[in-house]
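Asker:
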Amino acid sequence: MGHTDKVVIIGLDSAPPELLFNRWLGELPTIQRLTGHGLYGELESTIPSITCPAWASMVTGKDPGRLGIYGFRNRTRYDYSEMAFVDSSWVREETLWDILSRYGRRSILVGIPPSYPPRAINGRMVSCFMAGNSPDYTYPREFRTEVEALTGGYIPDVKDFRSGDKGSILKTVYEMTQRRFRLAKALLQRQDWDLFMMVEMGTDRLQHAFWRYLDEAHPSYCPGTEYGDAILDYYKYLDRELGEILTLIEGRATLLVVSDHGAKRMEGGICVNEWLLANGYLRLLEYPQEITSFQHLKVDWRRTVAWAHSGYYGRVFLNVRGREPMGLIPPQDYERIRRELAQGLEDIRNECGQRINTRAFRPEEIYSECRGIAPDLLVYFGDQYYRSIGSVGHKKFWTRENDNGSDDANHSQYGIFILYNEDLMDSPVACELASHAKRGPALVAEHCEPHGVHSQSQQALNRLVQGQGYSIGALPPMLNRSGSGPAHILDVAPTVLGCMRLEVPLDMKGNAINRR
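The opening position of the sequence shown corresponds to residue 0 in numbering that gives the first Met the number 0, with each subsequent residue numbered one higher.
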């Protein structure tokens with residue numbers, strides 16, 4: 000196996016293409032180099048576009064319905080009990096490292112959600128932010144000693160990133176990120192690996208805490224403070240770390256830089272259970288005297304048609320006769336009521352009476368199948384500028400605050416994708432691709448004829464596209480299934496396997512980006 004069959008994936012949770020590929024590209028020399036000589040563009044996320052299930056979908060090539068993971072919390076029974084939190088045991092589909100293990104190839108993994116508790120792999124694993132304070136966050140268990148020694152104390156996450164203590168958040172984000180990259184660089188040099196993948200959560204945490212200092216359109220925009228460049232400065236720091244990673248691996252591996260979704264300002268929240276109450280879908284035994292989380296409400300389940308849970312997207316559940324213990328909706332009326340609910344939710348206006356472009360999704364229409372218990376509707380409020388607020392007691396449909404604490408940003412549907420391989424990118428074909436890439440952030444390539452391509456470069460390019468039925472003379476456009484637009488998060492796993500010259504399982508739903 001040659002060096003170029005190795006792959007390094009650097010995940011930057013929540014990194015938005017609008018900042019990295021447009022607004023700040025000139026201030027990020029490593030990103031500029033990678034995009035100037037690689038393939039890059041927007042990466043469409045899962046619905047919902049959140050950490051879980053997005054990373055799990057990326058590394059399995061399976062959508063949330065196939066995984067049965069519809070968010071950080073999921074129903075496990077058709078009742079009214081608390082939903083269960085996702086952990087690594089929920090990912091029952093083969094991951095990239097599971098597939099590589101079958102070929103005897105070795106993986107080093109750092110911080111990929113949801114990987115806690117850590118599972119046995121052919122290699123080494125440092126599990127994700129879900130580990131919290133657990134001492135058992137590595138595989139093998141004794142690997143923790145080396146991790147702690149290399150980092151000076153590994154930090155899995157920023158515990159209070161929704162607090163108002165901005166100085167402490169900023170300090171902790173940098174400490175966490177510096178230690179994670181210190182670990183990554185050491186493992187890249189000390190360990191034997193075929194796949195190396197790490198996910199940095201600092202991007203997500205910093206954006207949730209500091210977006211109001213960046214975005215002039217944010218309703219709580221704060222100009223002229225010491226935090227005005229906090230996010231930019233952090234991306235500059237990440238760019239330097241990425242440059243050091245590139246120096247370590249250049250000529251030895253293909254590099255992918257990806258994010259699970261993007262980010263955008265949070266303009267407020269839609270109090271979805273308040274709306275359900277006002278429209279007669281949700282009934283309470285008594286309305287609370289103060290703002291109360293849904294799980295502490297006294298719900299009259301025998302008269303309730305629907306209820307919802309909070310998050311960066313909404314999850315609406317229907318109370319169906321014969322399905323839920325005190326179900327009210329006759330099965331024959333299920334679709335009518337669900338359609339009525341979807342239309343009503345999509346028609347919710349802002350405080351000025353203007354439509355806000357809310358979308359209600361039916362799971363069976365957006366997933367290949369629905370395993371486990373899916374929400375009856377998944378809702379993006381206001382084009383993802385609004386959070387779903389599940390608590391009751393607001394006495395209105397709108398709020399400016401996150402009901403889980405201070406929060407400046409919501410998630411957006413598009414993250415980033417960059418693919419860089421030194422052998423490939425030095426070829427005349429790649430230079431032609433790069434010239435097209437400069438036209439904008441959409442993932443680009445053109446049909447290229449191999450005239451004048453050096454044999455070594457041609458072989459390198461062939462390695463990335465052959466095995467999938469294409470030759471270099473018929474390289475298709477880097478576009479999505481409809482013929483234009485971004486790549487999809489489900490395309491990452493097939494792309495990695497294609498780079499490693501391994502067969503892509505038939506049940507992976509994505510397509511290798513380098514072969515479209």
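All C-beta atoms, glycine included, are put in the ideal place defined by N, C-alpha and C.
According to DSSP, simplified to helix, strand and coil, what is residue 530?
Answerer: Given a span of 0 to 515 for the chain in the structure shown, any question on residue 530 remains unanswerable.
Asker: Once you ignore the five residues that flank residue 292 on each side, which residues in its own chain have a CB closer than 6 Å to its CB?
Answerer: Taken in chain order, the residues that qualify are 390.
Asker: Residue 206: buried (16+ other C-beta within 10 angstroms of its C-beta) or exposed?
Answerer: Classification for residue 206: buried.
Asker: Among 24, 97, 44 and 344, whose alpha-carbon lies nearest the alpha-carbon of residue 487?
Answerer: Answer by Cα proximity: 44.
Asker: Across which residues does DSSP place residue 270 in a beta bridge pair?
Answerer: Answer by DSSP bridge pairing, in chain order: 388.
Asker: Would you mind reading off the limits of the beta strand (DSSP E) that contains residue 307?
Answerer: Residues 305–308.
Asker: Using 10 angstroms around the beta-carbon of residue 47, count the other beta-carbons present and answer buried if the total reaches 16, otherwise exposed.
Answerer: By the neighbour-count rule (16 or more Cβ atoms within 10 Å), residue 47 is buried.
Asker: Going by DSSP in three states, residue 94 sits in which element: helix, strand or coil?
Answerer: It is coil, neither helix nor strand.
Asker: Taking only the alpha-carbon atoms, compute the straight-line gap between residue 101 and residue 315 and give it to the nearest angstrom.
Answerer: Looking at the two C-alpha atoms, the distance is approximately 40 Å.
Asker: In three-state DSSP terms, what is residue 21?
Answerer: In this structure, residue 21 counts as helix in the three-state DSSP scheme.
Asker: So residue 276 and residue 305 are in contact, right, with Cβ under 8 Å, and what is the actual spacing, rounded?
Answerer: Not quite, the Cβ-Cβ distance comes to about 11 Å (not below 8 Å), so this is no contact.
Asker: Under a three-way DSSP split, which group does residue 42 fall into?
Answerer: Three-state DSSP puts residue 42 in a strand.
Asker: If you measure from the CB of residue 28, is any heavy atom of the ligand ADP nearer than 6 Å?
Answerer: The ligand content of the structure shown is nil, which means the ligand ADP is not present either.
Asker: Rounded to the nearest angstrom, what separates residue 505 and residue 242 at their Cα positions?
Answerer: Taking the straight line joining both Cα atoms gives about 36 Å.
Asker: Kindly identify the DSSP beta-bridge partner or partners of residue 281.
Answerer: According to DSSP, residue 281 bridges with nothing at all.
Asker: If we count the other Cβ atoms within 10 Å of its Cβ and call it buried at 16 or more, is residue 151 buried or exposed?
Answerer: The residue in question, residue 151, is exposed, as its Cβ has fewer than 16 Cβ neighbours within 10 Å.
Asker: Please report the distance separating the alpha-carbon of residue 366 from that of residue 412.
Answerer: Whole-angstrom Cα-Cα distance: 16 Å.
Asker: The beta strand (DSSP E) that contains residue 198, what's its start and end?
Answerer: Start and end: 194–199.
Asker: Identify, in the order they occur along the chain, each residue of the same chain with its Cβ nearer than 7 Å to the Cβ of residue 190, setting aside the five sequence neighbours on each side.
Answerer: Same-chain partners within the cutoff: 107 and 123.
Asker: In terms of residue numbering, what span does the alpha helix (DSSP H) encompassing residue 344 cover?
Answerer: From DSSP, the alpha helix (DSSP H) with residue 344 extends over 333–345.
Asker: For residue 237, which of helix, strand or coil comes out of DSSP?
Answerer: In the structure shown, residue 237 sits in a helix (DSSP, three-state: H, G or I).
Asker: Taking DSSP's pairing of strands, which residues face residue 231 in a bridge?
Answerer: Answer is none; residue 231 lacks a bridge partner.
Asker: Are residue 212 and residue 233 touching if we call contact CB-CB under 7 Å?
Answerer: Not a contact, by the Cβ cut-off of 7 Å.
Asker: Count the C-beta pairs between the segment 55–72 and the segment 491–499 that are closer than 8 Å, then say yes if the count reaches three, no if not.
Answerer: Contact holds: three or more Cβ-Cβ distances are below 8 Å.
Asker: Quick one: any contact between the segment 88–105 and the segment 27–37, if contact means 3 or more CB pairs under 8 Å?
Answerer: Contact fails: fewer than three Cβ-Cβ distances are below 8 Å.
Asker: Mapping the DSSP letters down to three states, classify residue 380 as helix, strand or coil.
Answerer: In this structure, residue 380 counts as strand in the three-state DSSP scheme.
Asker: Exposed or buried, what is residue 387 when buried is set at 16 or more other beta-carbons lying within 10 Å of its beta-carbon?
Answerer: By the neighbour-count rule (16 or more Cβ atoms within 10 Å), residue 387 is buried.
Asker: For residue 363, is the classification buried or exposed, using 16 other Cβ atoms within 10 angstroms of its Cβ as the cut-off for buried?
Answerer: That one is exposed.
Asker: Tell me, which residues are paired with residue 409 by DSSP?
Answerer: Paired residues: 263.
Asker: Can you list, in chain order, the residues of its chain with a C-beta nearer than 8 Å to that of residue 290? Leave out the 5 residues immediately preceding and following it.
Answerer: Here the set comprises 390, 391, 392, 393 and 402.
Asker: Quick check on residue 126: buried or exposed, where buried means 16 or more other Cβ atoms within 10 Å of its Cβ?
Answerer: Looking at its Cβ environment, which holds 16 or more other Cβ atoms inside 10 Å, residue 126 is buried.
Asker: For the pair the segment 208–223 and the segment 146–166, tell me if three or more CB-CB distances fall below 8 Å.
Answerer: Short answer: they touch.
Asker: Within 10 angstroms of the Cβ of residue 346, are there 16 or more other Cβ atoms? Answer buried if so, exposed if not.
Answerer: Burial call: exposed.
Asker: Going by other Cβ atoms of all chains shown within 10 Å of its Cβ, with 16 needed for buried, is residue 284 buried or exposed?
Answerer: Exposed, since its Cβ has fewer than 16 Cβ neighbours within 10 Å.
Asker: Between which two residues does the alpha helix (DSSP H) containing residue 180 stretch?
Answerer: From DSSP, the alpha helix (DSSP H) with residue 180 extends over 165–189.
Asker: Measure the beta-carbon distance from residue 336 to residue 39 and round it to whole angstroms, keeping in mind my assumption that it falls under 8 Å.
Answerer: Contact flag wrong, Cβ pair sits at about 44 Å.
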